[in-house]
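Let me begin by presenting the structure, written as structure tokens, before commenting on it.
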Amino acid sequence: MNMKKSQGFSLLELMVVIVIIGIIASMIVPNIMGSQERANTQKAVSDITALEGSLSLYKMDNYDYPTTEQGLEALVEQTDLDPAPRRFPEDGYIKRLPKDPWGSEYVLLNPGEQGKMDVFSVGPDREAGTEDDIGNWNLGDYQ
Numbered sequence: 386m387n388m389k390k391s392q393g394f395s396l397l398e399l400m401v402v403i404v405i406i407g408i409i410a411s412m413i414v415p416n417i418m419g420s421q422e423r424a425n426t427q428k429a430v431s432d433i434t435a436l437e438g439s440l441s442l443y444k445m446d447n448y449d450y451p452t453t454e455q456g457l458e459a460l461v462e463q464t465d466l467d468p469a470p471r472r473f474p475e476d477g478y479i480k481r482l483p484k485d486p487w488g489s490e491y492v493l494l495n496p497g498e499q500g501k502m503d504v505f506s507v508g509p510d511r512e513a514g515t516e517d518d519i520g521n522w523n524l525g526d527y528q
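Position one of the sequence shown corresponds to residue 386 (our numbering), numbered consecutively onward.
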């Protein structure tokens, strides 16, 4: 009688393959994750810089930045909160407000805590006033 040899993988062979895949993943995943974090930070820096430019145009037209209560929305739609803007472009200063890379709204404080006016992202922890906040006062740290 001719017995056929079993054609499958042994547990040892499967374990070796799993260990190899794990080693490869441990080398690749940190690089991918680090790149994503850097990309998110750079997007926040770019957004804040663009918002600062729009706020400067607002200030040139109205002699001051929008108040904290008016918020960054004052760049998109004319606000009726005091002090009402003296001039407001028909299409606004920007078309729409971006969200930060972590899905939160950018924040405007006027007067600011770090300077005359603060624009910032609350960062990945989504809490204001923590070390991961990215704002117009610390943009140089990320460039």
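Glycine residues also receive a C-beta, built at the ideal position from the N, C-alpha and C atoms. Note that this is a predicted model, so its numbers are computed, not measured.
With distances taken Cα to Cα, identify the nearest neighbour of residue i among the options.
i: Val-530; options: Gly-520, Lys-428, Asp-465; result: In the structure as shown, the chain starts at 386 and stops at 528, and residue 530 therefore has no counterpart that could be examined.
i: Val-504; options: Glu-516, Trp-487, Ile-433; result: Ile-433
i: Gly-497; options: Thr-464, Ile-406, Trp-522, Gly-407; result: Trp-522
i: Lys-444; options: Asn-425, Pro-468, Asp-510; result: Pro-468
i: Trp-487; options: Glu-458, Glu-516, Arg-511; result: Arg-511
Quick one: what's got a C-beta closer than 6 Å to residue i's C-beta in the same chain, skipping five residues either side?
i: Ala-513; result: Val-507
i: Asn-495; result: Tyr-450, Thr-452, Thr-453, Met-502
i: Asn-425; result: Pro-486
i: Ile-405; result: none
My guess is that residue i and residue j are in contact by the Cβ rule of under 8 Å, so how many angstroms apart are they, rounded?
i: Gln-455; j: Leu-440; result: 11 Å between Cβ atoms; not a contact.
i: Asn-447; j: Arg-471; result: 5 Å
i: Leu-457; j: Leu-482; result: 6 Å
Given a threshold of 16 other Cβ atoms within 10 Å of its Cβ, counted over all protein chains shown, does residue i qualify as buried or as exposed?
i: Leu-436; result: buried
i: Pro-474; result: exposed
i: Leu-396; result: exposed
i: Ala-410; result: exposed
i: Leu-460; result: buried
Leaving out five residues on either side along the sequence, give the residues of the same chain with a beta carbon under 7 Å from the beta carbon of residue i.
i: Lys-484; result: Glu-490
i: Gln-463; result: Pro-470, Phe-473
i: Glu-398; result: none
i: Tyr-478; result: Ser-439, Leu-442, Tyr-443, Leu-460
i: Asp-517; result: Gly-508, Pro-509, Asp-510
Taking the beta strand (DSSP E) that residue i belongs to, which residues open and close that run?
i: Val-504; result: 503 to 506
i: Val-492; result: 492 to 494
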